[in-house]
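Novice:
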Amino acid sequence: MPKVQIRKNEIHIDGKPVSLVSGEVHYWRLNPSYWKEVLGRVREMGLKVVSTYIPWDYHEYKQGKFDFTGKTDQTRNLKAFLQLTKKEKFWVIIRPGPYIYSEWPNEGAPEYAFKYHRLHPKFQAYATRYVQNVVKVLKPFFATNRGGHILMLQADNEIDPWPDLFGQQYGLHKTPGLFQDYIKELYQGDLDTLNERWGTHYNSFDEAGPFIATMLAGETGLALKGDKELKRNLDYLSFKHDYSRKCAEWAVGLYRKLGVKIPIYLNLYPFFYAHDWAQMQSVSDMVGVDFYPSNELAEDPYEQRKFMDKIRYLSSVSTIPYIAEFASGIWHAKHYETGVLTPNHYRLLTLSALLAGIKGWNWYMLVNRDNWYMSPINEWGRVRGELYDVFKQLVEIFHAIHPPSLVSIRDVAVTFNSMQYAARTLSHNSPVLVALYESDVDYDLWNPQ
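Each residue of the sequence shown is one higher than the one before, starting from 809 at the first, in the working numbering.
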C-alpha cells in the first residue's frame, strides 16, 4: 500500500511530493454534463489538485437513507465525480463534514441533527451514521490504496461552538451545563479562587456564568472595567477553545476509527475567538486558515500586514502553512459590499501570502455555483478572461519558485499571544508591528507558550 505523509511542506505519496495548490469545485452544484468541461479549465490553469465538500444534508435524502451514486438525482453522484477526477488525473482534497457551512441550509447538517450541538450524544450518533456511509464510498479512492487519488481529508468545518444557537445547551442561560462543568474542572473545584479572580460571590459552580462582551463601532477594545472582568472573559474564551478542540478530537478520531489513513486536517477562522490554532494542530495532522480579505486589502492602511501576520503565526503552528479557503469570488449578498473583485486584488492577495511564507492554498471557489459569483471559471466551464489569466500566472509563479522548498531568513521575531487578540485587549496595530511594517522589516511571530 502507498505511504501518504506530510513532509517538507508537501504531501508525499511513496516519497513523491504533491504541492497543495488547488481550487474548490462543488460537483453537486454543477450539472454533471459540465463536470469534464469545468475540470478541463482547471487543468489548463495549471492545477493538479481539486477540493470539494460533501453535503450530508443533500446526500441523506431521507432520514437514514443515503444516495452517493445518483439514483435519486444525478447531482448526488459523488462516486461518478471521484471516478472522473481520477480518470482526469487530478488529486482530490475531500471535505465530508459533518458540517460544511457553504451557504447551505443548517450549515450542511439535516434539520433533525442540527437541533443538537456537536458534542451532544444525539448529534454524534446521527453524524457517525453519516460518516460511516460516506467513508464506504471514499475508501477505495484514498491515496493509501494503489491508484487512489484522495490525498487529504478535512474533518468537520470551521468548528465553532455557536453559543448564539446552543448557549442554553452549554449552560450560558439559566440551567447549568458544559460551561459550569468546564469552569469547575479549570479551577479544580476551588470555588474561593474562582470568586477571588472573578470578583463574584457564588455559592456553587452551577451559578457561574460567563462575561461576554462585544465590540461596538468605533471601539478599540473590550469595554472591561478591570482585571476581574477580563479574567472572566478569558475563561469563557478558554471554554470555547476547549470545546472546539474536543469536537476536533471526536471528528478526527471517528475518521481514524473508520480506517482513514491519509492526512486529516482542520480549517480554522482567521481570528482566535473560537480556536486555539496550536491546540487544533495537536489533534490533527495539519491546520489551515480561511481568508476572505477586503477588496485589494483596503479595509484599513494595515490590512495587508494583519493578513501577513496571521500567515507568519500559522507558519509557527502548522506542519504546512496552508490557506484552506483562499477567497476567489464571493458569496451572495456579500458581493454588494465587496464590489467587483479585480485582477489586482488576487495578485496582491497571493503575492502577499507568498511573501509572508505560505506554502499552499485552496482557492474557494474556483468555479461559480448557485449562490457564489465572480469566480475565474463559471458553471459551464467558460472562463472569465481577465481573472482566469491572472490565476494562471499565479499558478505559474507558484511552480516557478516552489514555495514548499523556500526557507525564510529573518533576524527578528515578535512574541504573540493569540488569547490577547481573542479578547481584543491588544490592538492589531501595536506600535511595534506598525514600525516593522513601515520600515519594511520582515519578522516571525511566535507564541512563547
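The beta carbon of each residue, even a glycine, is placed where N, CA and C say it ideally should be.
#1: Could you compute how far the alpha carbon of Ala1031 sits from the alpha carbon of Asn1041?
#2: Per DSSP, what kind of secondary structure is Ser830 in: helix, strand or coil?
#3: Below 8 Å on the Cβ atoms is my contact criterion, and I expect Thr1158 with Leu1195 to pass it. Report the Cβ-Cβ distance as a whole number of Å.
#4: Does Leu886 have its Cβ less than 8 Å from a Cβ in chain D?
#5: For Ala1059, which residues in the same chain have their Cβ closer than 7 Å to its Cβ, ignoring the five residues on either side in sequence?
#6: What residue does the alpha helix (DSSP H) around Ile991 start on, and which one ends it?
#7: Would you kindly work out how many angstroms separate the C-alpha atoms of Leu1163 and Leu1241, rounded to a whole number?
#8: So, does the segment 1097-1110 touch the segment 1131-1147, judging by three or more C-beta pairs under 8 Å?
#9: Pull up the distance between the alpha-carbon of Lys1118 and that of Pro1078, whole angstroms please.
#10: By Cβ distance, which residues of its chain are closer than 6 Å to Arg837, with the 5 residues on each side in sequence left out?
#11: What residue from Gly878, Leu986 and Tyr835 has the CA that sits closest to Arg903's CA?
#12: For Leu1214, which residues from the same chain have a beta carbon less than 6 Å from its beta carbon, with the 5 sequence-adjacent residues on both sides left out?
#13: Based on Cα-Cα distance, which residue from Pro810, Lys811 and Val826 lies nearest to Asn817?
#14: Does the separation of the CB atoms of Ala1231 and Leu1045 fall below 8 Å?
#15: Which residues in the same chain as Asp1252 place their Cβ atom closer than 8 Å to its Cβ, once the five residues preceding and following it in sequence are excluded?
#16: Provide the residue(s) that pair with Trp1254 in DSSP beta bridges, ordered along the chain.
#17: Would you check if the distance between the CB atom of Val833 and the CB atom of Gly1168 is smaller than 8 Å?
#18: With respect to the alpha helix (DSSP H) encompassing Thr952, which residues constitute its N-terminal and C-terminal limits?
#19: With three or more beta-carbon pairs closer than 8 Å as the criterion, would you say the segment 972-981 touches the segment 1101-1114?
#20: Using the C-alpha atoms, what's the distance from Lys1048 back to Ala1056?
#21: Pair every Cβ in the segment 894-914 with every Cβ in the segment 859-869, then say whether three or more of these pairs are closer than 8 Å.
#22: Applying the 10 Å Cβ sphere with the 16-neighbour rule, what's the burial state of Ala1082?
#23: Under the rule that 16 or more other beta-carbon atoms within 10 Å means buried, what is Gly956, buried or exposed?
#24: So, are the CB atoms of His867 and Arg884 less than 8 Å apart?
#25: For Leu959, which residues in the same chain have their Cβ closer than 8 Å to its Cβ, ignoring the five residues on either side in sequence?
#26: Mind pulling the beta strand (DSSP E) runs of 3 or more residues that sit fully within the segment 1120-1191?
Specialist: The short version:
#1: Counting from one through the sequence shown, the residue named residue 1031 turns up at place 223. Counting from one through the sequence shown, the residue named residue 1041 turns up at place 233. Because the pLDDT of Ala1031 is 49, which lies under 50, any placement of that residue in the model is unreliable, and the question is left without a value.
#2: To locate residue 830, count along the sequence shown from 1; it is residue 22. Here Ser830 sits in strand by DSSP.
#3: On the sequence shown, residue 1158 is found 350 positions in, with the first residue counted as 1. On the sequence shown, residue 1195 is found 387 positions in, with the first residue counted as 1. Between Thr1158 and Leu1195, the beta carbon gap of about 12 Å keeps them out of contact (Cβ cut-off 8 Å).
#4: The structure shown contains no chain D; it holds only a single protein chain.
#5: Start at 1 with the first residue of the sequence shown, and residue 1059 comes out as number 251. If we look at Ala1059 and ignore the five residues flanking it on each side, its Cβ neighbours are Ala963 and Asp964.
#6: What you label residue 991 is simply residue 183 of the sequence shown in a count that begins at 1. First-last of the alpha helix (DSSP H) with Ile991: Leu986 to Leu994.
#7: Here the question's residue 1163 lines up with position 355 in the sequence shown. Here the question's residue 1241 lines up with position 433 in the sequence shown. Rounded to whole angstroms, Leu1163 to Leu1241 spans 16 Å at the Cα level.
#8: yes
#9: One-based indexing of the sequence shown puts residue 1118 at position 310. One-based indexing of the sequence shown puts residue 1078 at position 270. Taking the straight line from one Cα to the other gives about 7 Å.
#10: Translated into positions along the sequence shown, residue 837 becomes position 29. Contacts found: Arg1177 and Asp1178.
#11: The residue labelled residue 903 in the question sits at position 95 within the sequence shown. Looking at the Cα atoms, Tyr835 is the closest of the given residues.
#12: Along the sequence shown, one-based indexing puts residue 1214 at 406. Within the same chain, Leu1214 has no close Cβ partners at all.
#13: Taking the first residue of the sequence shown as position 1, residue 817 is located at position 9. Taking only the C-alpha atoms, the option nearest Asn817 is Val826.
#14: In the sequence shown, residue 1231 corresponds to position 423, counting from 1. In the sequence shown, residue 1045 corresponds to position 237, counting from 1. The answer is yes: Cβ separation under 8 Å.
#15: Reading the sequence shown from its first residue, position 444 is the one you call residue 1252. These residues qualify, in order along the chain: Arg1120, Ser1123, Ser1124, Ser1216, Arg1218, Val1220, Ala1221 and Val1222.
#16: As a position in the sequence shown, residue 1254 is number 446, starting the count at 1. Note: Trp1254 sits in a beta bridge opposite Thr1223.
#17: To locate residue 833, count along the sequence shown from 1; it is residue 25. To locate residue 1168, count along the sequence shown from 1; it is residue 360. Cβ atoms of Val833 and Gly1168: not closer than 8 Å.
#18: Residue numbering aside, residue 952 sits at position 144 when the sequence shown is read from its first letter. No alpha helix (DSSP H) holds Thr952; DSSP gives it neither H nor E.
#19: No, the segment 972-981 does not touch the segment 1101-1114.
#20: Stepping through the sequence shown from its first residue, residue 1056 is reached at position 248. Stepping through the sequence shown from its first residue, residue 1048 is reached at position 240. One C-alpha to the other measures close to 12 Å.
#21: yes
#22: Against the sequence shown, residue 1082 aligns to sequence position 274. By the neighbour-count rule (16 or more Cβ atoms within 10 Å), Ala1082 is buried.
#23: Residue mapping note: residue 956 aligns to position 148 of the sequence shown, counting from 1. Buried, since its Cβ has 16 or more Cβ neighbours within 10 Å.
#24: Sequence index remark: in the sequence shown, residue 867 carries index 59 (1-based). Sequence index remark: in the sequence shown, residue 884 carries index 76 (1-based). Yes, the pair counts as a contact, with Cβ atoms nearer than the cut-off.
#25: Taking the first residue of the sequence shown as position 1, residue 959 is located at position 151. Closer than 8 Å at the Cβ level, and outside the excluded window around Leu959, lie Val812, Ile819, Ile821, Val826, Val857, Trp899, Val900, Ile901, Ala951, Ile1070 and Pro1071.
#26: 1130-1135 and 1168-1172
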